[in-house]
Structures are given as structure tokens and as C-alpha cells.
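**Student:** One structure coming up, written as C-alpha cells, with questions to follow.
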Amino acid sequence: MLPSKWPSWTLILVALGLTLLTVGVGLVLEPAVQAITPQAHPTRQVGSFPPRLPYAAPVVTGPGAGACASCHTSEVSLRGAGADASALERLLLDEDSSLTLHGRLGCVTCHDGNGTTTDIAAAHENLVADPSHPRQAGTYCVPCHHDLASEYPEDHLRAPHRRILWGIKEDQEVCTCANCHGPVAHGVDYLASHQILSASMDYCVGCHEEQEVPTERLKCSGCHIGPHDVSAAMDCETCHTSVQVWGKVELAVHPMKLNNGHANLECFECHLKPNFRNLSGFSCSDCHPKPHEFGSEDCVQCHDGADWMEIDHTGIAHEEMWEPYRYHDHVACAGCHFAGYDLSTECSSCHPPEVEASRAPELEPTPPPATSGDEMGALANHITGRLAGWRPTISVEALYENLNDGDAANDPFIISVRSREHYELGHIPGAYNIPWRRIADPEALSALPRDQQIVTYCYTGHTGQVAATVLNILGYDVVNLKFGMMGWTDDADVLVTEPFAAAAGYPVEAEANELIETYKLPTLDTGESDAVSIAQVRAQAFLADWAPTISADALFENLNDGDTANDPFVLSVRSPEHYAIGHAAGAYNIPWREVADVDNLAYLPTDTEIVDYCYTGHTGQVAATVLGLLGYDVTNLKFGMMGWTDDADVLAIEPFVAPAGYPVETEVNRPE
Amino acid sequence: MHAQWGWLAAIYLFLGGLGSGALAYAALFELTGRRYEMDRCPEVCPVTLVGSTVSGPIVAAGVVLLIFELGAGLREPWRIPLMYTHASSAMTWGVWLLTIFIPLAFLYGGLELMHVYPSLNAWVVERLPWGVVDPRDGTYSPLRELSLRRIKRIVAAVGGVLALAVATYTGILISAVGPAIPFWSTPLVPFLPLPTLPVLFLISALSTGEALTVDLAATLLTRGQAPRGRREHFIHLGLITGEAVVLGQLLAHAFLEGGAAAQSARDILIGAHSIVFWVLIMVLGFVIPFIGHVYAAGRGRHQPITGLSSGASLVLSGLFLRYLVIASAIHAFL
Numbered sequence: 005m006l007p008s009k010w011p012s013w014t015l016i017l018v019a020l021g022l023t024l025l026t027v028g029v030g031l032v033l034e035p036a037v038q039a040i041t042p043q044a045h046p047t048r049q050v051g052s053f054p055p056r057l058p059y060a061a062p063v064v065t066g067p068g069a070g071a072c073a074s075c076h077t078s079e080v081s082l083r084g085a086g087a088d089a090s091a092l093e094r095l096l097l098d099e100d101s102s103l104t105l106h107g108r109l110g111c112v113t114c115h116d117g118n119g120t121t122t123d124i125a126a127a128h129e130n131l132v133a134d135p136s137h138p139r140q141a142g143t144y145c146v147p148c149h150h151d152l153a154s155e156y157p158e159d160h161l162r163a164p165h166r167r168i169l170w171g172i173k174e175d176q177e178v179c180t181c182a183n184c185h186g187p188v189a190h191g192v193d194y195l196a197s198h199q200i201l202s203a204s205m206d207y208c209v210g211c212h213e214e215q216e217v218p219t220e221r222l223k224c225s226g227c228h229i230g231p232h233d234v235s236a237a238m239d240c241e242t243c244h245t246s247v248q249v250w251g252k253v254e255l256a257v258h259p260m261k262l263n264n265g266h267a268n269l270e271c272f273e274c275h276l277k278p279n280f281r282n283l284s285g286f287s288c289s290d291c292h293p294k295p296h297e298f299g300s301e302d303c304v305q306c307h308d309g310a311d312w313m314e315i316d317h318t319g320i321a322h323e324e325m326w327e328p329y330r331y332h333d334h335v336a337c338a339g340c341h342f343a344g345y346d347l348s349t350e351c352s353s354c355h356p357p358e359v360e361a362s363r364a365p366e367l368e369p370t371p372p373p374a375t376s377g378d379e380m381g382a383l384a385n386h387i388t389g390r391l392a393g394w395r396p397t398i399s400v401e402a403l404y405e406n407l408n409d410g411d412a413a414n415d416p417f418i419i420s421v422r423s424r425e426h427y428e429l430g431h432i433p434g435a436y437n438i439p440w441r442r443i444a445d446p447e448a449l450s451a452l453p454r455d456q457q458i459v460t461y462c463y464t465g466h467t468g469q470v471a472a473t474v475l476n477i478l479g480y481d482v483v484n485l486k487f488g489m490m491g492w493t494d495d496a497d498v499l500v501t502e503p504f505a506a507a508a509g510y511p512v513e514a515e516a517n518e519l520i521e522t523y524k525l526p527t528l529d530t531g532e533s534d535a536v537s538i539a540q541v542r543a544q545a546f547l548a549d550w551a552p553t554i555s556a557d558a559l560f561e562n563l564n565d566g567d568t569a570n571d572p573f574v575l576s577v578r579s580p581e582h583y584a585i586g587h588a589a590g591a592y593n594i595p596w597r598e599v600a601d602v603d604n605l606a607y608l609p610t611d612t613e614i615v616d617y618c619y620t621g622h623t624g625q626v627a628a629t630v631l632g633l634l635g636y637d638v639t640n641l642k643f644g645m646m647g648w649t650d651d652a653d654v655l656a657i658e659p660f661v662a663p664a665g666y667p668v669e670t671e672v673n674r675p676e
Numbered sequence: 040m041h042a043q044w045g046w047l048a049a050i051y052l053f054l055g056g057l058g059s060g061a062l063a064y065a066a067l068f069e070l071t072g073r074r075y076e077m078d079r080c081p082e083v084c085p086v087t088l089v090g091s092t093v094s095g096p097i098v099a100a101g102v103v104l105l106i107f108e109l110g111a112g113l114r115e116p117w118r119i120p121l122m123y124t125h126a127s128s129a130m131t132w133g134v135w136l137l138t139i140f141i142p143l144a145f146l147y148g149g150l151e152l153m154h155v156y157p158s159l160n161a162w163v164v165e166r167l168p169w170g171v172v173d174p175r176d177g178t179y180s181p182l183r184e185l186s187l188r189r190i191k192r193i194v195a196a197v198g199g200v201l202a203l204a205v206a207t208y209t210g211i212l213i214s215a216v217g218p219a220i221p222f223w224s225t226p227l228v229p230f231l232p233l234p235t236l237p238v239l240f241l242i243s244a245l246s247t248g249e250a251l252t253v254d255l256a257a258t259l260l261t262r263g264q265a266p267r268g269r270r271e272h273f274i275h276l277g278l279i280t281g282e283a284v285v286l287g288q289l290l291a292h293a294f295l296e297g298g299a300a301a302q303s304a305r306d307i308l309i310g311a312h313s314i315v316f317w318v319l320i321m322v323l324g325f326v327i328p329f330i331g332h333v334y335a336a337g338r339g340r341h342q343p344i345t346g347l348s349s350g351a352s353l354v355l356s357g358l359f360l361r362y363l364v365i366a367s368a369i370h371a372f373l
């Protein structure tokens, strides 16, 4: 068919040309076909219920257009019909408006009149000027929009259409559909009109104010569906003071006092979008992970919110809640508030009177009688008396607060039991120096006050606790600084030892080991007659070459070296309740205050090394010192369970976290 | 004409269908070996020559129109890359599909031209260091391990599958408008969420593609015999019948559905679009080609007059089919 001279590739051009030609033919042919296609004239269907509008074909402007458009889209025609400028503004329509969804319905669908004549009078006969007027809307708008909703949650809007259309009083017929939705057939898209409504409420408020709508009906919730999950009793105005700009919220009230860090938070940092989570019943633990299992979910029931993250400064008025707290302020939170504890304030909750019974309920052997006349019995009884009610430690914060409260009269007598060399590197302001091994020397004791509380401190709390225990037994009012310089200063050069870093994570067991076997008590031979003198002589001799601590690694290695012959006798001096939660494998339990009781001493071996442990190393050091004075071969587990296990439930107390960073001085103080 | 979807939409849907249908037919000839039946395609196979070469430009032109219709795409072209990122959008599927299909179609066209014109083949091979002369058929191959014919077969296979997808996508594109325009989402089987339009447009695309490549191109090529036997006529009769059945189903189901969909169908059959439907689609697109192909199939040989008439009428009715679907759209009653 193609000329034979044409190369084959011209077929490609021909094909593309045919494609182009097809499109061109279509574009030309379609208007011509449409011009001869009968177009339905829009008419309203009457007599049906609910009244329905038949679909009206698009109103085509230009050739063949309806009579209405021929005039109302032509400024010339309207002027010719006598329209002035204001009428033109109202009556002259954009041709494109006929292409909108409502425009395609045709003019007479909504306005009635006669769309088939250009005679002005005949065309406007029975014309409905405003079909969206409440009295007309039922006829012209509602037949299609008969399922009008009253709430549009996606736009957070209420639109009381039925009340507007049928519930308005005779003298308040002001709300036409077009008031809000615009002249939908005249160039305003109905969906866009919705968006306009949700974007700005100036129009709504302005119209309501202009029509003098009662102010009580202008509540926010009259038009807006609140995006927050709040109770119906809380209207928007409860929290928001700005009624014009919702994005700029000004809180009228806030039920929770917004102090500290809360004051700088944005609303939605707590009250999460989109539902403004838990506006009521909001609790601290919703945002702040609760660090302990005990207590209420609402932290402020115990903490005052000021510095509640500071464990030792909880702001909790324990003394007001529980009078005996003054004897327990050295105990960490979890020491009392351990899992399952019912927060009872009964002493028996922690101090059961039948400790021995719970330890060995059936196989209670009869300990050998202690002879009160010998040195051992005298010293043991004396120590038991001194330990009862003794508060062995003071926190660094408490000591610092005491020293800086402006009242020098209540300042304690501070003894650094570190070496002279380390004392001179830095010490707590005002502290004197007596190395711990010499604490019982007569010349040292002669420098100590009897009418002033003494505070001892060392490196990590252990040797300070040794010194404090000896002094306590010797009759002094003394406490030891918890964690020693490790808790006081963050200056590594002053500390000169490795601070506690982390627990070794060694295993524990929960099964109780019963104390059954008994031993003969050691014999003391100091030649002294009274317990204090016996203690002093024993201390001088005992402390001279005593190794007071053993590391967790060394103990674990010993227990797991496969040689049970060299295993020490492991003694937990924690409370029976905490012993029951978990203890080092094979450990027995005697609380530290009762360790010098001759009945308990009978269970301790004299032919085997004893390693005792407590929570953080302090009360274990008390017990070890006591047992050492009583003639036992004993040492204390350094850092106690804090260094042994990483199980917070077993540890049951707050471990050491970081030094306080308090100042030190280097000037040497000499006692008077 | 509808305010939002106008002629532009009808044209790019038509171009998408025509281009993909043409390539699908070229691929069919390539893969079935009919392209190499020398008695039918002694020098140049018009089906593969036209089908492979016009597909890329036609579909690309449709995409240009599509972008032109996307006002935002013109005003803010930097937003166009975002169209690749909405995985759940039918638009994004199409963007990816077209992004792959159009270069492949151009590649297929180029390979076909290299096959037809050895001088072009040599020109290309000179610039491709890995090109060699294929010892089996004497043609040059741009790859050492593959003959040009084998490369073409691979490209044709992939391109053919993508062409079917593009043709179907033209229907998916507008049926994705969903419930807003019930006629467009009228189901193929009542109450099943499978729209009719993708199927209708797929069949129509194959029909117009065959009309362009087999009816028109093969008839217009004077040298040699047109690659036509009874098989092509029966295929075409099947496509015409299938298209008529699916279109009938679309209208019937639209009536069953009622509401705006029924109003669209009423407009098509007896209303504002009735002449377009009865004359430009039924007569031009079904009756004339059907009679022509039945006649040609009965004669059992090439009939230039039936080829030209049915080809032209099918292509034109393919355009008006898209127009009709677009123009008869009615929003769901509010």
C-alpha cells in the first residue's frame, strides 16, 4: 500500500501519524457528536418522597447552552437587562461555575423558573432566589442531602443541621445553607467550603455575633468536637483561654502543679496526641519509669517533686509517717520497701522475735552454756548490748548538711582512719587523723571526746567501720561515714583507691541453710576484768595485723576452686527476710546485731575462717570486727552483696552510684 | 465534559493502551517465532517493526500528558519523585511500572531496528566494544554470549509482560478513584471488589494494538505478504467479542448497582453520550471490525480493505471508549 520507494522505517512514522490523527479526529468529532446528542434539561421530580432530583446532564455553555447561562454569563446581556454594578456582582457567573458538581445540575434544578426561554419575565417566573434559605432548603437541598449529620469527627466539627433548618425561631431565620457552604453552584466547591469552615472560625463567630446569638450558645463545644479524651464535664474553656487561635493554647488552669522540669514541657509531651491521653488519672509513672516496685504509682504521694530523683533526699517525711524512722534513716529505701513488703510499721515485720526459731525450727541444739564470769562471756554480752540500737553509719549528705548548717555546736568530731599519707592528700574539712589500726591505742583514745559524736571515715567505708565498731564497744558515741571518701569526693587523687564500679554478678541461692553444728567458744586471755578493757586490749592486738576484707572475686574463686577443704564458713549478717530472698551459696544467717550473742556464737566455727557479708560492707564489717575481737578468724566481704550480685531484688538496697563531690581540705588538724 | 477528568485523561489512557498493546503484539510475534517466518515477513516484519518502535514514544507521550494534567507536577516538579514513595498508592505502582516499561520499550525498538537495518547494527556495534558478529545468523550482537535474536526475545518477554501490566494499569488508575465515581469501580462480578475497567481496558489495548500493528501496519507495508492468516482474524474476533461482553457486563452491573453508576450507564445508552456509544463505539469499534474480520477469515487471505477499515475503526473506537468512560463519570450522590 505504501509507495515502494518509501523505506520500511517510514511505516513507523505512518503508525505514529495515524495515532496522532486518531486523537485529532476524536477531538474534532466529539463536540460535533455531542452537539447533536439530545441533552436532558434538568427538571425537578415532584410527588415522590423523599423527593429526589433526577440526574441532570452538564449544562453546556456556548452554542446550545441553556437560556439562563446565555444571560448570566454575559456582562453585556445583564447590563442590557438593566443590571447595575451591585447586581452584576451578584448575578454575573463564571462560565466555569457550570462545571462544578452543583453547577452541572443546571440552574432551574435549584432556582426553578424557566430555563427554556430568553424572555426575562418568563424565565424568572416563580424564581427561587435563595434555594438554600431554611424555608426552601427542604425542597432544594435536602432531597439530595437528606442524610445530614450533626457531627463530623474527622473535622472536629459539630454542625447542627437539623436545628438550623427546622429548629430556628421565626425571628431568627438567619442561617441558610449558603451562609456556611457558599453558593456551591456558583464557583465554590462544596468540599472546599468544608475545609474553609474547619480552617477558620472567624466567619462563624463573626456571623453569630452579628446575629446576636446568645453567648451561652457560643461555647466551643457548640461547634467543635474536642480532639481530647476528656470528660464531658470539661468544656474547652476549662483549659483554653484563647477562643480565636486554637494552635496557641493558653492554659487557664492546670490540675497538676507544674514545677521544676514540668514547667518547661509542651502539653503534648505528657498528654499524648491525638486523644490527650489520661487527662484524668494521670500518674507520674506514665512518663517516669518507676524505679522500685513498692509504693504508689503516684510518686508525689511520697516524693515532694522537688528533688525526687535524689534517693537520699527523697523529700519524704518519714519521721511524720513513722516515728521509729529516726532509728532507720541509714537503711536504704528498698531495705524496708522490698518486694512483697506490705509497708506495715510493725517491728515484727523486719525484726521477728523468734529469729532462731525460724532459722532452725526443729533441730535446735542446746548451745554450750556461756560462763558469764570469763572474759569471753563478759565481752560478748557487752558487745551485744552496745550493738543493740546502734546506728553504725551516716550518709555523706547528712554529714555534709550537719557540717554546713551554720551550727558549729552540733558538728561531730571527725576522724579519718586512713593512713597519714592519704589523710594529707585531702580529708573532710575539720577531720583529724588516727589510722584505723591504732584506733584503740591509749594515746589515740585520749584525744577523743566523750561528749561529742564521733564520725569515722576511711576509703570505702570498711576500715572506718572497723574503727567505729571498736569505738562503739569502748563506749563512744560514734558512727561511720557510709562509703567513706568514695562517697564524699570525686577526686580520684584524694580517694587513692578504686571506687566501687559494678557487681560481679555471682549467683545466689534462696534455700536457707540451717545452723546445726555447734562449736566451743574461743577463749580470751587479756588479764582484764571489765569488758571495755578486755575489748581495748583485744582491739590493740587484733587490729595490728588483721586483714579486714576479702574481695568478691577472691571469695568466689575460693568457693569454686574444687577444694571444699579450704572453703570458709560464709555468714550473712543481713536480716532473715533479705537472707531468704537470696544469699551466697552455703551461707548461714545471723543478723549483725545478734552476732555476739553467745547463743549464736556457739554456731560459729573456731577452726575455719569465717567470711561474713551484709548489704554494702558496713554492717558486715561491724560483725567481722566484733567476731575478731571475740577471737574468731574472720574477714568481711568487701562491698557485701552490693559487690556480689547484680540482682536488685536480692540486694534489696540502693547500691552506691556516684560520689557526692564534696570538698576536701589538706590542712592537717591536730586534736587539742 | 467533566470538570476534573477531560479529554486529556482520555488521550493518555488511550495512548497507554495503544502503545502497550502494540508492544504486546510485537512480543507475541517475536516469542512465537512468527516474526521469522520468512514467507510472511520476508524482509521486514511490520508487526514487530511498528509494535516495538512506536510503543515507547506513544506511552511516553501519554506520560507527558499525564504529568501535564498533574498541575502540581508542573508547578512543583520536585514533588514528582515523591510519587515513587507511596507504596500503597495505585499511582506509585504505575509510576514504577512506567519507569521500567518505557526504557525497555525503547530498547526493544532499538534492537528491532538493529535487526532490520544491518548498517544501524554495524554503527552500534562499532561503538560497543563487546559487540560481535553472530556466527549463526550473521547479525551483530552487542553482547558476546548472546545473539541479537536471543537478546530481543528476552527483552520481548519482559516487555510483553510489562505491556500487559501497563494496559491493565490504565484501567486500575481510574478505578482506583473508588467509590467517588461508582461507574468506574463497577465490579466485574457483582459484589466482588474486582473492577471491570482494568479488564476492559486490557482487552481494548490488545485490540487496538493488533489493529495498529496487524491491521494497519501490515496492510500498509507493500512488500511481501502481510503476516496474516486465519489465526490473526480469529484472535481479533475473540478480542472484539470479549471487549463487547465486558462492556456489556459493565453497563449491566452499573444498572444493577443503581445510583450514580446506573445514571452513568443510562447516559451512555440513552442519554448525553448515547451517540458516542452507539455510533463511535458499537458501530465503529465492534460491528465494522467484526464483519471485516469474519469476511477476511472466511476468505482465508489478506484483505487490504478489511484490514484498513477495521484497523482505523478499532483504533478510533479505542479512543472513544476511554472518552466515554471518562465523560460518563458521575460522582456518587451526596
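These protein sequence lines are chains P and H, in that order. Each step along the first sequence adds one to the number in our numbering, with nothing skipped, and position 207 is 211. Each step along the second sequence adds one to the number in our numbering, with nothing skipped, and position 171 is 210. Glycine included, each C-beta is placed from N, C-alpha and C at the ideal position.
With three or more C-beta pairs closer than 8 Å as the rule, is the region 198-206 of chain H touching the region 221-233 of chain H?
**Tutor:** Contact between the region 221-233 of chain H and the region 198-206 of chain H is absent, because fewer than three Cβ pairs lie under 8 Å.
**Student:** What does Glu99 (chain P) reach in chain H if we use C-beta pairs closer than 8 Å?
**Tutor:** What Glu99 (chain P) touches in chain H: nothing, since even the nearest Cβ is about 12 Å away.
**Student:** Helix, strand or coil for Asp116 (chain P)? Go by DSSP, reduced to three states.
**Tutor:** The answer is strand: DSSP assigns Asp116 (chain P) an E or B state.
**Student:** Spatial neighbours of Pro373 (chain P) within its chain, please: CB distance less than 6 Å, with the 5 preceding and 5 following residues excluded, ordered by chain position.
**Tutor:** Reliability of the predicted coordinates at Pro373 (chain P) is poor, the pLDDT of 38 falling under 50, and the value obtained from them is presented with this limitation in mind. So the list is empty, once near-sequence residues are dropped.
**Student:** Taking only three categories from DSSP, how would you classify Val164 (chain H)?
**Tutor:** It is helical.
**Student:** Any idea which residues DSSP pairs Phe107 (chain H) with across the strands?
**Tutor:** None, per the DSSP bridge assignment.
**Student:** Between Ile594 (chain P) and Asn484 (chain P), is the Cβ-Cβ spacing less than 9 Å?
**Tutor:** No.
**Student:** Would you kindly report the start and end of the unbroken alpha helix (DSSP H) that includes Thr639 (chain P)?
**Tutor:** Run containing Thr639 (chain P): none in the alpha helix (DSSP H); it sits in the beta strand (DSSP E), Val638 to Leu641.
**Student:** Determine the chain P residues that contact Ala195 (chain H) at a beta-carbon separation under 8 Å, and present them in chain order.
**Tutor:** Residues of chain P passing the Cβ test: none, with the nearest at roughly 17 Å.
**Student:** Closest to Val194 (chain H) by CA distance: which of H:Leu227, H:Pro85 and H:Ala144 is it?
**Tutor:** Of H:Leu227, H:Pro85 and H:Ala144, the residue nearest in Cα terms is H:Ala144.
**Student:** What ranges does the beta strand (DSSP E) occupy inside the region 527-565 of chain P, keeping only unbroken runs of at least 3 residues that lie completely in it?
**Tutor:** Runs found: none.
**Student:** Which residue from H:Ile141, H:Leu187, H:Phe140 and H:Met130 puts its Cα closest to that of Pro157 (chain H)?
**Tutor:** Comparing Cα positions, the closest option is H:Leu187.
**Student:** Within the 9 Å Cβ cut-off, does Ser12 (chain P) reach chain H?
**Tutor:** Ser12 (chain P) counts as touching chain H.
**Student:** Starting from the C-beta of Pro552 (chain P), find all residues in its chain whose C-beta is less than 7 Å away, skip the five residues before and the five after it, and write them out in chain order.
**Tutor:** His466, Thr467, Val470, Gln625, Ala628, Thr639 and Asn640.
**Student:** Taking only the alpha-carbon atoms, compute the straight-line gap between Leu251 (chain H) and Leu353 (chain H) and give it to the nearest angstrom.
**Tutor:** One C-alpha to the other measures close to 9 Å.
**Student:** Start and end of the beta strand (DSSP E) containing Leu485 (chain P)?
**Tutor:** Its beta strand (DSSP E) spans residues Val482 to Leu485.
**Student:** Going along the chain, which residues of its own chain have a beta-carbon closer than 7 Å to the beta-carbon of Asn268 (chain P), five neighbours each way excluded?
**Tutor:** Once the five neighbours on either side are set aside, Asn268 (chain P) has no close Cβ partner at all.
**Student:** Quick test of the definition: if touching needs 3 or more C-beta pairs under 8 Å, does the region 413-421 of chain P touch the region 640-658 of chain P?
**Tutor:** No, the region 413-421 of chain P does not touch the region 640-658 of chain P.
**Student:** Hey, Ala435 (chain P) and Tyr461 (chain P): beta-carbon distance below 9 Å or not?
**Tutor:** Yes, the Cβ-Cβ distance between Ala435 (chain P) and Tyr461 (chain P) is below 9 Å.
**Student:** Helix, strand or coil, according to DSSP, for Leu131 (chain P) in the structure here?
**Tutor:** Correct three-state label for Leu131 (chain P): strand.
**Student:** Closer than 8 Å, Cβ to Cβ, to anything on chain H: give me those residues from the region 22-36 of chain P, in chain order.
**Tutor:** Taking 8 Å as the Cβ-Cβ cut-off against chain H, the residues of the region 22-36 of chain P that qualify are Leu22, Thr23, Thr26, Val27, Val29, Gly30, Leu31, Leu33 and Glu34.
**Student:** What's the gap between the Cα of Thr47 (chain P) and the Cα of Thr14 (chain P)?
**Tutor:** Low local confidence applies: a pLDDT of 40 at Thr47 (chain P) is under 50, so the model's placement there is unreliable, and no value is given.
**Student:** Take the Cβ of Tyr666 (chain P) as the centre, count every other Cβ of all protein chains shown within 10 Å, and call the residue buried at 16 or more, exposed below.
**Tutor:** Burial call: buried.
**Student:** Report the residues of the region 619-646 of chain P with a CB closer than 9 Å to any CB of chain H, ordered along the chain.
**Tutor:** Within the region 619-646 of chain P, no residue has a Cβ that lies closer than 9 Å to any Cβ of chain H.
**Student:** Specify whether the region 588-603 of chain P and the region 512-527 of chain P touch according to this definition: at least 3 beta carbon pairs, one from each stretch, less than 8 Å apart.
**Tutor:** These segments touch.
**Student:** So the beta strand (DSSP E) Val615 (chain P) belongs to, where does it begin and stop?
**Tutor:** Looking at the DSSP string, the run of the beta strand (DSSP E) that includes Val615 (chain P) is Ile614 to Tyr617.
**Student:** Nearest to Phe53 (chain H) by CA position, among H:Glu76, H:Leu105, H:Leu70 and H:Leu88, is which residue?
**Tutor:** For the residues H:Glu76, H:Leu105, H:Leu70 and H:Leu88, the minimum Cα distance to Phe53 (chain H) belongs to H:Leu105.
**Student:** Should Gly86 (chain P) go down as buried or exposed, given a rule of 16 or more other Cβ atoms within 10 Å for buried?
**Tutor:** Gly86 (chain P) should be labelled exposed.
**Student:** With 16 as the cutoff for other CB atoms within 10 Å, does Pro218 (chain P) come out buried or exposed?
**Tutor:** Pro218 (chain P) is exposed by the Cβ-count criterion.
**Student:** If Val500 (chain P) sits next to His426 (chain P), beta carbons under 8 Å apart, how far is it from one beta carbon to the other, in whole angstroms?
**Tutor:** Confirmed, Cβ separation roughly 5 Å.
**Student:** Quick one: list the residues of chain P neighbouring Ala63 (chain H), beta-carbon separation under 9 Å, in chain order.
**Tutor:** None at all; the shortest Cβ gap to chain P is about 15 Å.
**Student:** Which same chain residues end up closer than 8 Å to Ser8 (chain P) when comparing Cβ atoms and leaving out the 5 residues on each side of it in sequence?
**Tutor:** So the list is empty, once near-sequence residues are dropped.
**Student:** List, in chain order, every chain H residue whose beta-carbon is nearer than 9 Å to that of Gly41 (chain P).
**Tutor:** A small fix is needed here, since residue 41 (chain P) is Thr in this sequence, not Gly. Under the 9 Å cutoff, chain H gives Gly310, Ala311, His312, Ser313, Ile314 and Val315.
**Student:** For my contact list, Val96 (chain H) and Leu20 (chain P) are in at a C-beta cut-off of 8 Å; report their separation, rounded to the angstrom.
**Tutor:** According to the sequence provided, residue 96 (chain H) is Pro. The question's Val does not apply to it. About 6 Å; that satisfies the 8 Å criterion.
**Student:** Going by C-alpha to C-alpha distance, which of H:Leu278, H:Leu323, H:Val134 and H:Ala129 sits closest to Leu212 (chain H)?
**Tutor:** The shortest C-alpha separation from Leu212 (chain H) is found at H:Ala129.
**Student:** In three-state terms, what does DSSP make of Gly51 (chain P)?
**Tutor:** Per-residue confidence for Gly51 (chain P) stands at a pLDDT of 39, beneath the threshold of 50, marking its modelled position as unreliable; the derived number appears in the next sentence. In this structure, Gly51 (chain P) counts as coil in the three-state DSSP scheme.
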